[in-house]
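Asker:
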Amino acid sequence: MKDIARQNMSIKVESMDLLNGQIKMEAHASAIYLAMASWCEQNGFFTSAKFFYKQTEEERGHMMKIFQFLVDVGGNPISPEVKNINHDYSSIVDVFETTLEHEVAVTKSIHNIVLKARELGDITTERFLDWFVLEQVEEENTIRDILDMIEVTGTEGVGLQMIDNKVNDWME
Ligand SMILES: [Fe+2]
Ligand SMILES: [Fe+2]
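Note that numbering that gives the first Met the number 0 numbers the sequence shown so that position 30 is 29, with each residue one more than the last.
#1: Quick check: does the Cβ of Asn-28 come within less than 7 Å of any heavy atom belonging to ligand 2?
#2: Comparing alpha-carbon positions, which option in Trp-38, Ile-22, Leu-128 lies nearest Asn-173?
#3: What is the residue span of the alpha helix (DSSP H) that Thr-154 lies within?
#4: Got a sec? Which residues, its chain only, sit under 8 Å from Gln-135 by beta carbon, not counting five neighbours each side?
#5: Would you say Glu-118 touches ligand 1, meaning its beta carbon is less than 7 Å from a heavy atom?
#6: Sorry if obvious, but does the Cβ on Glu-100 come closer than 7 Å to a heavy atom of ligand 1?
#7: By how many angstroms is the C-alpha of Asn-42 removed from the C-alpha of Phe-92?
#8: Looking at Glu-25 and Ile-77, is the spacing between their C-beta atoms short of 8 Å?
#9: Considering Cα atoms alone, identify which of Glu-96, Ile-10, Trp-130, Phe-44 is closest to Gly-73.
#10: Between Ile-112, Glu-96, Glu-138, Asp-168, which lies nearest to Glu-150 when the distance is taken from Cα to Cα?
#11: Val-94: beta carbon under 7 Å from a heavy atom of ligand 2?
#12: Measure the Cβ-Cβ separation of Thr-46 and Asn-164 and say whether it is below 8 Å.
#13: Taking Cβ to Cβ, would you say Leu-33 is nearer than 8 Å to Ile-112?
#14: Going by beta carbon distance, what residues of the same chain come within less than 8 Å of Lys-53, once the five residues before and after it are set aside?
#15: Have a look at Glu-137 and Ala-48 and give me their C-alpha separation to the nearest angstrom.
#16: Assuming Trp-38 is part of the alpha helix (DSSP H), what are its boundary residues?
#17: If you draw a straight line from the C-alpha of Arg-126 to the C-alpha of Ala-30, how long is it?
Dropping the structure here:
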């Protein structure tokens, strides 16, 4: 884009570039959760599939929230290319453990942008990200609770079906 447009933004150019990276990460998360929904459907974890359909929509919502923010500040939001979506999981435990890994990575990325914005004196971007910082606390907590429930329930015998049924508790 033209340099003059970048200079007229109400946030820092560096922040915009980092936020475009975050748009991509949220789109990637949305795609991963859709792949997990597919795995759950094919392996008989129908409640978990519903959980991941909901997560897919939420991540898309996160992406659009950042996208719209970049529009509002006069920036240039980029529609992301999403590649390398894993569809192979060894178990439902693997699915939720991978989910936690992703959420932790997203949290780190958001914290990194907050710190960078602070360093740049970009108060607008820093304040915008407040919502995301708190959202990540909730998301990580949800997945940790599900993993705790899986550990308590155990995966032997009827355990797997009980796990799937109990995921309903986190559907709101
Ligand atoms: Fe997200
Ligand atoms: Fe998330």
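The C-beta atom is built at its ideal place from N, Cα and C for all residues, glycine as well. What you are looking at is a predicted structure, and each value in this text was computed from that prediction instead of being measured.
Answerer: Short version:
#1: Before going on, a small fix: residue 28 reads as Ala here, not Asn. At least one heavy atom of ligand 2 is nearer than 7 Å to the Cβ of Ala-28, so yes.
#2: Nothing can be reported for residue 173, as the shown portion of the chain is limited to 0 through 171.
#3: Premise fails: Thr-154 is in no alpha helix (DSSP H) and is neither H nor E.
#4: Correct list, in chain order: Glu-102, Val-105, Thr-106, Ile-109.
#5: no
#6: no
#7: The question names Phe, but residue 92 in the sequence shown is Val. The C-alpha of Val-92 lies about 13 Å from the C-alpha of Asn-42.
#8: At a Cβ-Cβ threshold of 8 Å, Ile-77 and Glu-25 do not count as neighbours.
#9: Cα-wise, what sits closest to Gly-73 is Ile-10.
#10: Glu-96
#11: no
#12: The answer is yes: Cβ separation under 8 Å.
#13: no
#14: Once the five neighbours on either side are set aside, the close Cβ partners of Lys-53 are Met-170.
#15: 20 Å
#16: 12 to 41
#17: The alpha-carbon separation between Arg-126 and Ala-30 amounts to approximately 27 Å.
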